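Note that my numbering has the sequence shown beginning at 1085, numbered continuously upward. C-beta atoms are modelled at their ideal positions from N, C-alpha and C, and glycine is treated no differently. This structure is a prediction, so every number in the text was calculated from the model and none was measured. In what follows, a single structure is set out as structure tokens and then discussed.
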Amino acid sequence: MKSLRSFLYLPAWFVKTRVFGKKIPLQTVLFVSDQCNLRCKHCCVYAQKSITKKSYEQIKEELQYAYGLGSRFVDFEGGEPTLWRDGEHDLNSLIRLAKEIGFFSTTVTTNAVMPFHGLEADSIWVSMDGVGPYHDRVRGEGVFDRLVRNIETCGHPHLSVNMVVSKLNYESLDDAIEFARTNPHIRSISINFLTPYPGTESHQLDWDTRRALIDKVIAYKKRGYPIMNSVSGLKLMKTNQFKKYCWISNFITVDGKNHPDCGGSELGLCDQCGFCMAGEMHSVMTLRPDTILAGLKLRM
Ligand SMILES: C[S@@+](CC[C@H](N)C(=O)[O-])C[C@H]1O[C@@H](n2cnc3c(N)ncnc32)[C@H](O)[C@@H]1O
Ligand code: SF4
């Protein structure tokens, strides 16, 4: 029944947005806190001084608000979301709450530094920025070994990895794709590029290298490697010159503000964006079959 409801929701959402031009978010990225146990070189969202942590009640209100806007998928982010607690509540309490409110599916994005066995999200994204020393170069010494151990013990059937490619780790792209293919605990890998948020610009790749890497990823995909990105979406990320539909995700940041579009667009970074979801969203809205298939696989 629930899957029928969600199956019918998506075409209705498409007609309202594409045909009638309404901007209704489908996915909410909810930042629960900016507390983090890492200081990744490509990141600028972790708390540098004092930590901001939302209460259970605040997150409940935000989930209800997002649901009221029309959103039906939620991704819990931070900071490191697995560190979040409020009294007897932990991240699983938020996942259950989202389901009670009516969200079709929940996702958690984690750095996998701490064990996350028993996490009840429908799917888990582990950030893996290369293999071995490349991951550690971005995220800190010993972090890759912890990731390997923690994905091995987590036992979650829907775990994928997400790589943010930059000058720091692009040489590890092949190994990361191969690692995702051969590791029995990983279903797929999603490839993104560094978006030059303030303070991270020096790690951004030049466009020729980025284009060559995208061609390489497309070739892997065509050979059957478990790459989450669609070919249509990847091709768009070679130039970033396409109409953006990033309002499909709304972002509720740690200050409690709702951003109907992503933070990158507010900073004028769309031309430099590395979030391949931008290309995927365009491809969904222009009805590219390979992207729709990839999206359904990811979400349903
Ligand atoms: C901000 S983190 C929060 C969740 C968790 N702490 C983690 O690392 O997975 C969410 C994702 O954003 C990515 N990210 C951080 N800075 C980025 C940047 N400048 N460009 C693109 N992606 C970035 C991270 O690599 C991670 O996959
Ligand atoms: S673990 Fe996530 S939130 Fe923390 S510094 Fe790294 S990318 Fe940023």
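Using a Cβ distance threshold of 8 Å, residue 1223 and residue 1122 count as a contacting pair. Shown here, residue 1334 sits in a strand according to DSSP, grouped into three states.
By the CB criterion at 8 Å, residue 1118 and residue 1163 fall inside the cutoff. As summarised for the segment 1213-1259, the continuous alpha helix (DSSP H) elements at least 4 residues long and confined to that stretch are 1217-1223 and 1227-1238, given in chain order.
Secondary structure of residue 1262 (DSSP, three-state): helix. It is roughly 24 Å from the alpha-carbon of residue 1244 to the alpha-carbon of residue 1369.
Per the coordinates, the alpha-carbon of residue 1178 lies some 8 Å from the alpha-carbon of residue 1143.
The beta carbons of residue 1358 and residue 1277 sit about 3 Å from each other, so the pair counts as a contact at 8 Å. A distance below 8 Å between beta-carbons, with the five flanking residues on each side excluded, links residue 1289 to the following residues of its chain, in chain order: 1249, 1250, 1251, 1254, 1277, 1278 and 1297. Under the rule that a run must span 4 or more residues, the alpha helix (DSSP H) segments found entirely inside the segment 1153-1194 read 1175-1185. Going by C-alpha positions, residue 1106 is about 34 Å away from residue 1168.
Sequence-distant Cβ neighbours of residue 1174 in its own chain, meaning closer than 8 Å and more than five residues away, are 1168.
The continuous stretches of alpha helix (DSSP H) do not include residue 1275, which lies in the beta strand (DSSP E) extending over residues 1273-1277. The alpha-carbon of residue 1217 is positioned some 10 Å away from that of residue 1229. For residue 1091, the three-state secondary structure derived from DSSP is helix. The Cβ atoms of residue 1198 and residue 1246 lie no closer than 8 Å to each other. Collapsing the DSSP output to three states places residue 1298 in a helix.
Residue 1275 and residue 1313 do touch by the CB rule: their CB atoms are close to 6 Å apart, below 8 Å.
The beta carbon of residue 1228 sits no closer than 7 Å to any heavy atom of ligand 1. Residue 1135 sits in coil when the DSSP states are folded into three classes, being neither helix nor strand.
Residue 1226 and residue 1195 have their C-alpha atoms roughly 13 Å apart. Counting only residues of its own chain and dropping the five nearest sequence neighbours on each side, residue 1113 has a CB closer than 6 Å to the CB of 1159, 1161, 1333 and 1335.
Under DSSP, residue 1098 shares a beta bridge with no residue.
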